[in-house]
Each structure stands twice: as structure tokens, then as C-alpha cells.
Amino acid sequence: MAAMRETTSAEERTQDQSTTATRTARKPRTAAKSRTKTSAKASGAMPPTPIAAKEPNLFGRVNILDVRPDAQDAVFPARVELGEPFTVSAQVFLEGRATVRATAVLKNPRGRVMARVPMTQANAGLDIWTAMLQAGSPTDLAPWDDGFADVLGQLGNWKVAIEGWADTYTDWVRDATARVNADAGSADAEGAIVRGSEILTRWAATRDAGLDATQRKMLRETAKQMLDATIPAAERLAIAQIDEIEALHTTNPLRDGLTAGRDRVFHVERPKSSCSAWYQFSPRSEGATVNERGETVPGTLRTAISGLERAKSEGFTIAYLPAVFPIDHSAPDARLFAVGTAAGGHDTVDPELGSMDDFKAFCARAHELGLEVALGLPLRCAPAHPWVAAHPEWFRRNADGSFVHALDEHGNPEPFYELDFDNDLTGLEREVERIIDVWIGAGVTAFQIDEPQTEPARFWQDVLAAVTKKHPETLFLAEAFSRPALVRALAYAGFTQNHSYFPWRNTKEELEAFLTETNGEGGFYQHNTFWPATPDVPSDYLRDNGVAGHAVRAVLAAMGSPSWGITSGYELMDTNVAADSASTPGAEVRIRDWSSAVDYGIAELLTALNRIRAGHPATHSYHTLTVLPSANPAIVAFARQTPAQYTADGKPDTLLIVVNLDCYHEQQSSIHVDLNALGLPADRTYRVRDLLTDRTFDWSWDNFVSLAPWADVAHILSVED
Numbered sequence: 001m002a003a004m005r006e007t008t009s010a011e012e013r014t015q016d017q018s019t020t021a022t023r024t025a026r027k028p029r030t031a032a033k034s035r036t037k038t039s040a041k042a043s044g045a046m047p048p049t050p051i052a053a054k055e056p057n058l059f060g061r062v063n064i065l066d067v068r069p070d071a072q073d074a075v076f077p078a079r080v081e082l083g084e085p086f087t088v089s090a091q092v093f094l095e096g097r098a099t100v101r102a103t104a105v106l107k108n109p110r111g112r113v114m115a116r117v118p119m120t121q122a123n124a125g126l127d128i129w130t131a132m133l134q135a136g137s138p139t140d141l142a143p144w145d146d147g148f149a150d151v152l153g154q155l156g157n158w159k160v161a162i163e164g165w166a167d168t169y170t171d172w173v174r175d176a177t178a179r180v181n182a183d184a185g186s187a188d189a190e191g192a193i194v195r196g197s198e199i200l201t202r203w204a205a206t207r208d209a210g211l212d213a214t215q216r217k218m219l220r221e222t223a224k225q226m227l228d229a230t231i232p233a234a235e236r237l238a239i240a241q242i243d244e245i246e247a248l249h250t251t252n253p254l255r256d257g258l259t260a261g262r263d264r265v266f267h268v269e270r271p272k273s274s275c276s277a278w279y280q281f282s283p284r285s286e287g288a289t290v291n292e293r294g295e296t297v298p299g300t301l302r303t304a305i306s307g308l309e310r311a312k313s314e315g316f317t318i319a320y321l322p323a324v325f326p327i328d329h330s331a332p333d334a335r336l337f338a339v340g341t342a343a344g345g346h347d348t349v350d351p352e353l354g355s356m357d358d359f360k361a362f363c364a365r366a367h368e369l370g371l372e373v374a375l376g377l378p379l380r381c382a383p384a385h386p387w388v389a390a391h392p393e394w395f396r397r398n399a400d401g402s403f404v405h406a407l408d409e410h411g412n413p414e415p416f417y418e419l420d421f422d423n424d425l426t427g428l429e430r431e432v433e434r435i436i437d438v439w440i441g442a443g444v445t446a447f448q449i450d451e452p453q454t455e456p457a458r459f460w461q462d463v464l465a466a467v468t469k470k471h472p473e474t475l476f477l478a479e480a481f482s483r484p485a486l487v488r489a490l491a492y493a494g495f496t497q498n499h500s501y502f503p504w505r506n507t508k509e510e511l512e513a514f515l516t517e518t519n520g521e522g523g524f525y526q527h528n529t530f531w532p533a534t535p536d537v538p539s540d541y542l543r544d545n546g547v548a549g550h551a552v553r554a555v556l557a558a559m560g561s562p563s564w565g566i567t568s569g570y571e572l573m574d575t576n577v578a579a580d581s582a583s584t585p586g587a588e589v590r591i592r593d594w595s596s597a598v599d600y601g602i603a604e605l606l607t608a609l610n611r612i613r614a615g616h617p618a619t620h621s622y623h624t625l626t627v628l629p630s631a632n633p634a635i636v637a638f639a640r641q642t643p644a645q646y647t648a649d650g651k652p653d654t655l656l657i658v659v660n661l662d663c664y665h666e667q668q669s670s671i672h673v674d675l676n677a678l679g680l681p682a683d684r685t686y687r688v689r690d691l692l693t694d695r696t697f698d699w700s701w702d703n704f705v706s707l708a709p710w711a712d713v714a715h716i717l718s719v720e721d
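Under full-length UniProt numbering, the residues of the sequence shown are numbered 1 to 721, in order.
Here it is as C-alpha cells:
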């Protein structure tokens, strides 16, 4: 007997229903009363029936293996953004020649089934089935907008279960067709027709199929007609395959031997958690001037407000401020700094920058422009930090009671004390939670944590869990340039995004590997942001390659990851970011002439890149990228694609990105596009439009490109037909 269970509405049952094959419908014939009918008793082998699997190591009637993605170490769930399409896969199979099908079931945090999506067989030899799902709908609402509470209600742990089932109807059609074609008058052919009648009758009575009264009646009447032995066997076989029944087989199938795999948890995060564009500010340089005595007058939070207009006009979504706390400037090297003076610690605005009211004014103006505000939070405490006097137990001490200075990677003393996480971990955690709460109250929705790999992963796991429980909209960016295992642990601990090694991935081989790593299965657990330059160390590539180098790295960053960012002054070719970085707020103040940005064209490019990102959902996900083969080692190419059912206009969104890594010479190459894999026309050319230049080209399987740094460093091609 087929599995019996409650069903949801047709809308909830499937998110992506296949189009029914068109065939001339043949209605069941009404048999004359005088016609004889064959016996309706059970005939042939019994259908597969469910087998209870009460333990996770037991197989059900249908075998379900290797579900991906799954929780890492069976603990840390895959992560997706609200409304972000993502693909799940599994091996689903039965013994012998039986036809198997699979369905992906998506449940919201309250356990309600939101979608049942038919899975597609991706590799018959390996029994791999895939389906694309979407947890919730995309939204542009910001945390401070009315209605965002409804967004928060959709966040949390969603679940996906893979269901496998035997497609008895398809197997019957194949078997009955062969027997009727071989000898329509044989007992074998008649027995096959009777089995078909039994299948339709059982289908009509199965609650799992979710049929309405009209559909059930149609199946039962068809089943009766199939028992009329006066009708030729071929006709009785045909009436069981009319369009109406084939359509039900697609939308409301009979699922024999139904086996449900265990729920897989997916953590759904708020909009812009993985798709964002960061603009790093430097308030001390923003609005800095020279007075009549020739002295540099640093900018403040008030003068920095004007820079928000620039960030907005260039299309960025997050205004990132460095640490705005009082800074101890006593260190001989201005790039080494620590938080804490007589003015206060981590919950205080540096008086040189302004007041808390000034900070709130900066946030308010950012929100008016639709920008979020992120704040740098380094846990570096100078000797004058209030914690030192109030909580000496939070710091490591020498035998004589003096405080221990932290050491850098070379063993040199740093100008701040080393925190002790083994003495009062709970106290430290609660204090950092309090500090974060202070800044959230002022308008901050994201935090950049400087070098979190120097603190225990458990410390951050506890802090981030406590903060996001109260404020689930809060994002955390880890500036952790460290060992892969440690960076992954921080992602598991709750960091939404992570600074990555992108600035040091420069060759074609390095970039292709890193693009695949970032946008592959690892993208379910660790969200790498791409920054053309690090906050405090300029890369050799930028330093040595001028305007073209800045353009190349901007295109790769903006198109290579859903989350990217630039440091202040990037538009002006200011690669000496160490003098004006987020991690060195006490360093040299830069006086910048923003009107000169037109001389370089980088600001115009940044604006174009963010405009492309805003208009193309294919750039919004860590699961849409495919590297394209190119013949030239100086040319890197990749595609991004979102299927039609997940775009606003109902058309596939496909981008083909080609970048010349050589900033001094023209480079040419052939680019191969697997048209079948991307669903593009394989029998003709297709039109692409370069979104940077508005030129159009006709492309096919293999395509010639020529890029010169003095003309075009890259193509960003949108497939138009």
C-alpha cells in the first residue's frame, strides 16, 4: 500500500513544475452495458512498499545517500541568504531496473512545507539527482525599514528532506507497451492491462498524491474502462496515457515505496548577508584640510558625512568605518595602535572624531541614503583602557603582577595588553556583547572584527550567538588572514563573511582555483569577500600595474564574489592604504582631491560594476559561477547564471566575464562555452551585450576575444537571446 500522509496545497507541493508533454487527448470510452469486463482481482507483482527506517544507519525502501550540502561534522549547517536560489543533490536509487524518482521538500523554521520540487537526474550512471530551491523571497528592505520584522520572521533554520519513490506508473507503461506490441491478444498483454487498472485505482485512493475529487473520479473511471475486454488492448493502453493522466503524473504522482531521508538543516540569513558592496571610509581623511599655517587638519565624523554621497553614487551598500574609539598614539609606529585613553574605551567615540551624537548623525544620514553602517572592532586594549583598572583579571599577568604585552608574529611587543580568555571567559563575553549592543543602538548593522583568529573561536561563537539572538539582522565580517582551518572555524562560529586571500591570487591558475573554491560547495559555509586591496597592505599587483591593474582587480572582485569592497582612495589610485586604513586609525591623514577621480576612470568603473551587480541576480549568490576554459594563460573567464524561475522578468540571467590579467599588453584567446550546461542555444549563435561598453557580439561554442589594457581590460557580457 502506498504511503499515506497529509498533503499541502498544490502551490506548496511544487515550486517548479515541468511543462506537460502535448499529445492529442483521448477521452475514456463509455462501455456499453452488454460488454464483458475482466476480473479486477490483483495481478502481477506487488508494488514497492515503504520500509520504516527508525535509525539513521538503516535504509528505507528507496536508497538515499550522499545528500549535499549537509551539515559539516553533522553540526554546522549550510548557510544561504533569504531568497537565494541554491542547489541540493543526492544519490537516489532502487534495485534492479525499477524507475526511481526524487523530490526535494523545503520546510520553514516552523516546520511548514513551503515547496516540493521534483528533482532532475543529473547523472544516470551515478544516480545523482538535483533540485534548485529558494528559501523565502528576495527583498530590498533594510533593517531600519518598516516591514523588516516580517523579514526577521523568515530567518533561522530551514530544513530540506529528500524523498525517493518508485515510479510504478512509468514502469507499467514501458512493460505494458512492450507486451501489447508483442502480442496484443496474449494473456501477458491482458495481464499488463489489468495491472494498469489496478495502478490507477490505487493512485486515486492515495492521499499522498493530493488529488481533488475530479481527478480521483477521472482515474477511477479510466481504470474501469481498462477492464473492458471488448476494447482492443492497444486502445485500453492508450486511455491510461491521455494528457490529463500524464499531467497528474508530473504534478501529483503515485509514489510507491515512498522513503523520506532525514531533514537537513539550512541556516537562512537576512538579505545582504552574502551579497553586499563595502566602501571603507577614513573619517580622519574624509574632509581633511590644510590651515593657513600649512598644518593638516584631520576630518571628523561630521565631515565624513559628505563622503556618504560618493559611496551611494558609486553603488555601494555598506559604509564601513574604522574603529572610532579613543586611540593611544604613544606607540612609536603610528600603524601600531591600541584602544583606550582617559577619554574611554570601546564604548566611546574618540573626541578627535566627534561625539556619539555625531556618530549617530553619520548613521542616520547613511540610512537615509539606503546605506548600512559597519564598524571596525579590534579587541586591542592600551594600558589606559578602562578595562585594565576595572577588570585586571581579563589580562595576562607576569609573576610580579605586571601586565603582559601581546607579541606580533615576529615576537616583537605590541602597544597593547594580552587578553586572558582562560580566567573569566564569561565576563569578557558579556562585556563585548554589551559594547556591540551600544553601537547597534547607535545605528550599526554590521561589524568588522579585526584579527578574530587571535581570540578563541568559542569566544566569538558565544558572543555572536548572543548578539544575533537579540539582533538577528547583525552582520559580522572577519578580518582573519590565517590558516584555512581556523578561518573555517570562525565561519562555523557565526561570522557572516570573511576577508579572503583574494588580493594575493593573481595568476590565472590561482584565480580559477580561488573562484571555484569561493563559489563552490565551500560557499555554503564560508562567505569570502573580495577586496582588491587589504585594509593595510597594498598588493604588488596594484602597485605595479597602475590604472589597468586597479580596473582588473575591481572587475574580478565585483564579479567573482557576491560580497566585495574597496578601501578609501581606490578611485584615486591611492595604493598607500597603510597610511589610511581601517586597522590604523591613528596613522597619517590623507588630503584627497576627489574631483581628480575623473582622471583615472576607476570611480566610473566602480559605479558600472555595482550597477551591473544590482541588476543581475546571477551576481548575488555563491552558487552561480562556472569557470570557462580559455586558451591564453593571461585570460581568465567565468560564467554566472540564475535560472528563469528565480528572476524578476522570468528570463535566465547569464553573464560571461572575460578578464585580461596582463596590464601592459593586448591578449587574445578563444573562450569555450558549454552551451548545453548553461542552457544556451546549441544550434545557432546567440547575442551578447558588453555591459561595460554597450557593444554587442554573436557568440557560440568557441569564441575569439581580444582585450587591450588601454581599451578594455574586461568583457562583462550579458546573454540577450
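We put the CB at the ideal spot given by N, CA and C, even for glycine.
| query | Three-state secondary structure (DSSP) at L82? | reply | DSSP places L82 in coil when its eight states are reduced to three.
| request: Note down the Cα distance separating residue 740 from N519, rounded to an integer number of angstroms. | output: Nothing about residue 740 can be read from this structure; the chain reaches only from 1 to 721.
| The alpha helix (DSSP H) spanning H715 covers which residue range? | The continuous stretches of alpha helix (DSSP H) do not include H715, which lies in the beta strand (DSSP E) extending over residues A714 to V719.
| Bridge partners - Y320, DSSP secondary structure assignment | Per the DSSP secondary-structure output, Y320 pairs in a beta bridge with Q280 and A374.
| field | Distance between D167 and residue 728 (C-alpha atoms, nearest Å) | value | Here the chain comprises residues numbered 1 to 721, so residue 728 is not present and cannot be evaluated.
| request: Give me whichever residues DSSP pairs with P159 in a beta bridge. | output: A quick correction: the sequence has Lys, not Pro, at residue 159. According to DSSP, which records beta bridges pairwise, K159 is partnered with K107 and V265.
| message | Using C-beta distances below 7 Å, list every residue in its chain close to V173, excluding the 5 sequence neighbours before and after it, in chain order. | response | Taken in chain order, the residues that qualify are Q241.
| field | Unbroken beta strand (DSSP E) run spanning G257, endpoints | value | Counting along the chain, the beta strand (DSSP E) containing G257 begins and ends at D256 to A260.
| message | According to DSSP, is P28 part of a helix, a strand, or is it coil? | response | Bear in mind that the predicted position of P28 carries a pLDDT of just 42, short of 50, making it too unreliable to give a figure here.
| said: Given a cut-off of 7 Å on the beta-carbon distance, is the pair H620 and P562 in contact? | reply: Yes; because the gap between Cβ atoms is below 7 Å, this pair is in contact.
| query | Near Q121, what residues of its chain come up, given a Cβ to Cβ distance below 6 Å and the 5 sequence neighbours on each side ignored? | reply | For Q121, where only same-chain residues beyond five positions count, the Cβ hits under 6 Å are W129.
| Opposing strand residues paired with F697 [DSSP bridges] | Residue pairing by DSSP puts F697 in a beta bridge opposite V688.
| Given that a residue counts as buried once 16 or more other Cβ atoms are within 10 Å of its Cβ, and exposed if not, what is G178? | Before going further, note that residue 178 is Ala rather than Gly in the sequence given. That one is exposed.
| query | Since D574 contacts R553 with CB under 8 Å, what's their CB separation in whole angstroms? | reply | Here D574 is actually not in contact with R553; their C-beta atoms are around 14 Å apart, not less than 8 Å.
| field | Under 7 Å between C-beta atoms of N545 and N498 | value | Not closer than 7 Å, so no.
| message | Measuring straight from C-alpha to C-alpha, what distance separates L477 and A71? | response | Taking C-alpha positions only, L477 is separated from A71 by approximately 22 Å.
| said: Taking 6 Å as the limit between beta carbons, can you name the residues of its chain near G427, skipping five residues before and five after? | reply: Same-chain partners within the cutoff: there are none.
| Coil, strand or helix - L353 by DSSP | The three-state reading of DSSP puts L353 in coil, since its state is none of H, G, I, E or B.
| query | To the nearest angstrom, how far is it from the Cα of A149 to the Cα of F416? | reply | Take the alpha-carbon of A149 and the one of F416: they are about 41 Å apart.
| query | Where N506 and V659 are concerned, what is the direct C-alpha to C-alpha distance, given to the nearest angstrom? | reply | So the two alpha carbons sit approximately 12 Å from each other.
| DSSP beta-bridge partners for E479? | The partner list for E479 (beta bridge, DSSP) reads D450.
| task | From the DSSP output, read off the bridge partner residues of I242. | result | Beta-bridge partners of I242 (DSSP): none assigned.
| Using DSSP with H/G/I as helix, E/B as strand and the rest coil, what is D328? | Residue state, collapsed to three classes: strand.
| message | Whole angstroms are fine: how far does the CA of L407 sit from the CA of L680? | response | About 56 Å.
| request: Could you tell me the distance, in whole angstroms, from the CA atom of G354 to the CA atom of A311? | output: Linking G354 to A311 through their CA atoms gives a straight-line distance of about 21 Å.
| If you scan the region 635-680 from start to end, which runs of the alpha helix (DSSP H) of 4 or more residues do you find wholly inside it? | Along the length of the region 635-680, whole alpha helix (DSSP H) runs at least 4 residues long occupy 675-678, reported in chain order.
| Beta-carbon proximity list for M356, same chain, < 7 Å, skipping 5 on both sides | Within its own chain, the residues whose Cβ lies closer than 7 Å to the Cβ of M356, once the five positions on either side in sequence are excluded, are V349 and A442, listed in chain order.
| query | Which residue comes first and which comes last in the alpha helix (DSSP H) that contains I602? | reply | Segment I602 to G615, the alpha helix (DSSP H) holding I602.
| Roughly how many angstroms separate the alpha carbons of F266 and D358, rounded to a whole number? | Put simply, the backbone Cα of F266 is about 40 Å away from that of D358.
| query | What whole-angstrom Cβ distance do P326 and T300 have, given they're in contact under 8 Å? | reply | Not confirmed; about 14 Å, so no contact.
| Nearest-angstrom Cα separation, counted from Y525 out to residue 751 | The question about residue 751 has no answer here: the residues shown for the chain are numbered 1 through 721.
| said: If the criterion is Cβ atoms closer than 7 Å, does the pair L717 and V688 meet it? | reply: Their beta carbons are under 7 Å apart, which means L717 touches V688 by this criterion.
| For C381, does the three-state DSSP call read helix, strand or coil? | The DSSP-derived three-state label of C381 is strand.
| message | Taking the beta strand (DSSP E) that G565 belongs to, which residues open and close that run? | response | The continuous beta strand (DSSP E) containing G565 extends over residues S563 to I566.
| field | Between the CA atoms of A446 and C381 - distance to the nearest angstrom | value | One C-alpha to the other measures close to 21 Å.
| request: Can you tell me which of the three DSSP states Y622 falls into? | output: Residue state, collapsed to three classes: coil.
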